[in-house]
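Undergrad: Quick note, my numbering runs 1156 ahead of the 1-based positions in the sequence shown.
Dumping the structure here so I can ask a few things about it.
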Amino acid sequence: MKIRKLSGSKLLSPLKFKQYKRLLLSNTLVHIGMWMTTMSVAWHMTELTDSDFLVGLVQTSSTLPVFLLALWAGYIADKMKKSSYLLFSILGAVSTILIYSFLTFYFISVSPLTLLIFVFTLNCFSALIWPAWQAAVSLAVPREEIKNAALLNGLSFNVGRSLGPAIAGFLTSIISIKSIFLFNAILMFPLAIVLYKWRKNEVAPINDNDGLLVTYSKIIKYKPALNLFFITFLSFICANGFWSLLPVLIANTNAGATSFGTIMALTGIGAIGGTLVAPAIREKLSEIWLLRLSMLGFSAICLISPHVSGLLGLYAISIMFGSLTPWHIATINARAQTVTSDNLRSKTLAINLISMYGGMAIGGATWGGVSQAFSPTVSLTACALLLIFTSFIINKRFNDEI
């Protein structure tokens, strides 16, 4: 194991840069609103229909825009000021919520179809935002702070994941679900204001004249970037195994939806804890070992979880799973933000995003299919073995310094 001390600063050190601090705090509000909407939409669909197929389409409507728009989003974002591009996308999301709320309040009744159209449209803007957002964050801090900034971004996301559903559940008992959507729109305005003020000072990017296909072919032909996409894709196929089969494991304990909600919250709490200790661990280990240990931890979870008979055991495993997640995701995101030049950053992040989502989609189908054909134990054992294999081919695909 290679031991080294990084020129790593403390986790909160990126907050000394005012622009980054404004972006992070305002985006935390967006994450809270996003998770409020995610929980509300899922619950609302179960109220509108008894069809498991239509309930499942909510997830499809959320992820499909990534595959349709991420490449275009990265390409366009690198041609514009990130602040202007993000401001347009945020205002588009706000407009979608306002239009949907206005129509459903006064003109049309909510149906599964209208709800799916709303989810799809809203997530189209989310797909436009993600690559540019990651690139914008890396512009707001020096290069040596990008790794800590990536961890703080994950912390912001997990704070939203922990608080958003709880707030939405409380508000649902007081106001209508449609009103929660409006509350989400209100939480987006602080970020819009921050972006509007930033656009006056942001330097416009230097553009080349290459088209979309030419630009992306350059990135894919660049070996360090291609290796990153390969590891991202393969690791997310594996890392998604436990999460994909978690409902099956919970059902085997004769627990219900409330227990699943508790596990989601515990996973978020674990992720917050993992984020807080990551800088201290990174002072001792190379980034490659941080990534490797997260994969080995995921493999241990896959091996242990099928043999856990009670909810308390699953609760403990979920906290462990959550604590490893930021080590995995933040390391990959930080690498994606630095592997290519600044004028290719959004496009690189777009390909990496598709690699993540593609890995999760294929992993979910694969491990679910193996579990259906054999058993959850066989499926998760196979997943664990692939994780171990992946963790030890990183040196073949990455330089030892990530």
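Just so it is clear, CB atoms sit at the ideal spot from N, CA and C, and this is done for glycine as well.
Remember, predicted model here, so these are calculated numbers, not experimental data.
Roughly how many angstroms separate the alpha carbons of Ala1296 and Pro1482, rounded to a whole number?
TA: Residue mapping note: residue 1296 aligns to position 140 of the sequence shown, counting from 1. Residue mapping note: residue 1482 aligns to position 326 of the sequence shown, counting from 1. For Ala1296 and Pro1482, the distance between alpha carbons rounds to 21 Å.
Undergrad: Could you work out which residue in Ala1538, Gly1453, Ser1450, Ile1473 is closest to Ser1461 when comparing CA atoms only?
TA: As a first step, residue 1461 must be located in the sequence shown, where it is residue number 305. For Ser1461, the nearest C-alpha among the options comes from Ile1473.
Undergrad: When you compare only the Cα positions, how much space is there between His1187 and Val1250?
TA: In the sequence shown, residue 1187 corresponds to position 31, counting from 1. In the sequence shown, residue 1250 corresponds to position 94, counting from 1. Taking the straight line from one Cα to the other gives about 14 Å.
Undergrad: Within 10 Å of its beta-carbon, does Leu1254 have 16 or more other beta-carbons around it, so buried, or fewer, so exposed?
TA: On the sequence shown, residue 1254 is found 98 positions in, with the first residue counted as 1. Looking at its Cβ environment, which holds fewer than 16 other Cβ atoms inside 10 Å, Leu1254 is exposed.
Undergrad: State the Cα-Cα distance for the pair Leu1307 and Thr1205, rounded to the nearest angstrom.
TA: Stepping through the sequence shown from its first residue, residue 1307 is reached at position 151. Stepping through the sequence shown from its first residue, residue 1205 is reached at position 49. Approximately 39 Å between the Cα atoms of the pair.
Undergrad: Considering Cα atoms alone, identify which of Asn1499, Thr1487, Tyr1372 is closest to Ala1434.
TA: Taking the sequence shown and counting its residues from 1, one reaches residue 1434 at position 278. Out of Asn1499, Thr1487, Tyr1372, the CA that lies nearest to the CA of Ala1434 is found in Thr1487.
Undergrad: By Cβ distance, which residues of its chain are closer than 8 Å to Ala1292, with the 5 residues on each side in sequence left out?
TA: Reading the sequence shown from its first residue, position 136 is the one you call residue 1292. Only Leu1179, Lys1238, Ser1239, Leu1242 meet the Cβ criterion.
Undergrad: So, does the stretch 1395-1411 touch the stretch 1521-1541, judging by three or more C-beta pairs under 8 Å?
TA: By the Cβ criterion, the stretch 1395-1411 is in contact with the stretch 1521-1541, since at least three pairs of Cβ atoms, one from each stretch, lie closer than 8 Å.
Undergrad: Does Ala1492 pass the burial test, meaning 16 or more other C-beta atoms within 10 Å, or should it be called exposed?
TA: As a first step, residue 1492 is located in the sequence shown; it is residue number 336 there, counting from the start. By the 10 Å Cβ count, Ala1492 comes out buried.
Undergrad: Check the C-beta distance from Gly1478 over to Leu1441 and give it rounded, since I have them as a contact under 8 Å.
TA: Residue mapping note: residue 1478 aligns to position 322 of the sequence shown, counting from 1. Residue mapping note: residue 1441 aligns to position 285 of the sequence shown, counting from 1. Wrong, their Cβ atoms sit about 20 Å apart, outside the cutoff.
Undergrad: How far does the alpha helix (DSSP H) with Ser1239 in it reach, from first residue to last?
TA: Translated into the one-based positions of the sequence shown, residue 1239 becomes position 83. Start and end: 1238-1262.
Undergrad: Which residue marks the beginning of the alpha helix (DSSP H) containing Arg1491, and which one marks its end?
TA: Along the sequence shown, one-based indexing puts residue 1491 at 335. Counting along the chain, the alpha helix (DSSP H) containing Arg1491 begins and ends at 1467-1494.
Undergrad: Counting pairs of Cβ atoms below 8 Å between the stretch 1368-1386 and the stretch 1274-1294, do you hit three or more?
TA: no
Undergrad: Quick one: what's got a C-beta closer than 7 Å to Leu1542's C-beta in the same chain, skipping five residues either side?
TA: Residue numbering aside, residue 1542 sits at position 386 when the sequence shown is read from its first letter. Once the five neighbours on either side are set aside, the close Cβ partners of Leu1542 are Cys1394.
Undergrad: Can you check whether the CB of Ser1547 is closer than 9 Å to the CB of Met1451?
TA: In the sequence shown, the residue the question calls residue 1451 occupies position 295. In the sequence shown, the residue the question calls residue 1547 occupies position 391. At a Cβ-Cβ threshold of 9 Å, Met1451 and Ser1547 count as neighbours.
Undergrad: Measure the C-alpha to C-alpha separation of Phe1276 and Leu1319 and round it to an integer number of angstroms.
TA: Taking the first residue of the sequence shown as 1, we reach residue 1276 at position 120. Taking the first residue of the sequence shown as 1, we reach residue 1319 at position 163. Rounded to whole angstroms, Phe1276 to Leu1319 spans 23 Å at the Cα level.
Undergrad: State yes or no: is the C-beta of Val1464 within less than 9 Å of the C-beta of Leu1405?
TA: Residue numbering aside, residue 1464 sits at position 308 when the sequence shown is read from its first letter. Residue numbering aside, residue 1405 sits at position 249 when the sequence shown is read from its first letter. In contact: Val1464 and Leu1405 (Cβ atoms closer than 9 Å).
Undergrad: For the candidate residues Leu1338, Met1195, Leu1311, whose alpha-carbon lies nearest to that of Gly1325?
TA: Counting from 1 along the sequence shown, the entry for residue 1325 is found at position 169. Here the closest residue by C-alpha is Met1195.
Undergrad: Assess, as a yes-or-no matter, whether the stretch 1334-1348 is touched by the stretch 1209-1220 under the definition of 3 or more beta carbon pairs within less than 8 Å.
TA: Remark: fewer than three beta-carbon pairs, one from each stretch, lie closer than 8 Å, so the stretch 1209-1220 and the stretch 1334-1348 are not flagged as touching.
Undergrad: For Trp1199 and Thr1533, what's the separation of their Cα atoms in angstroms?
TA: To locate residue 1199, count along the sequence shown from 1; it is residue 43. To locate residue 1533, count along the sequence shown from 1; it is residue 377. One C-alpha to the other measures close to 30 Å.
Undergrad: How about Leu1327 and Met1192: do their beta carbons lie closer than 9 Å?
TA: Taking the sequence shown and counting its residues from 1, the one referred to as residue 1327 is at position 171. Taking the sequence shown and counting its residues from 1, the one referred to as residue 1192 is at position 36. Going by C-beta atoms, Leu1327 is nearer than 9 Å to Met1192.
Undergrad: Could you give the distance in angstroms between the alpha-carbon of Pro1321 and the alpha-carbon of Leu1446?
TA: Position 165 of the sequence shown, counted from the start, is the residue given in the question as residue 1321. Position 290 of the sequence shown, counted from the start, is the residue given in the question as residue 1446. Cα to Cα, Pro1321 sits roughly 30 Å from Leu1446.
Undergrad: Out of Ile1246, Pro1170, Ile1550, state which residue places its alpha-carbon closest to the alpha-carbon of Ile1387.
TA: Stepping through the sequence shown from its first residue, residue 1387 is reached at position 231. Nearest C-alpha to Ile1387: Ile1550.
Undergrad: Alpha carbon to alpha carbon, how far is Glu1439 from Asp1556? Give it in angstroms, no decimals.
TA: Within the sequence shown, the letter at position 400 stands for residue 1556. Within the sequence shown, the letter at position 283 stands for residue 1439. At Asp1556 the pLDDT is 44, less than 50, meaning the model places this residue with poor confidence; the figure from the coordinates comes in the next sentence. Taking the straight line joining both Cα atoms gives about 15 Å.
Undergrad: Rounded to the nearest angstrom, how far is the Cβ of Phe1313 from that of Tyr1513, given a contact under 8 Å?
TA: To locate residue 1313, count along the sequence shown from 1; it is residue 157. To locate residue 1513, count along the sequence shown from 1; it is residue 357. Beta-carbon to beta-carbon, Phe1313 and Tyr1513 are separated by about 15 Å, too far to satisfy the 8 Å threshold.
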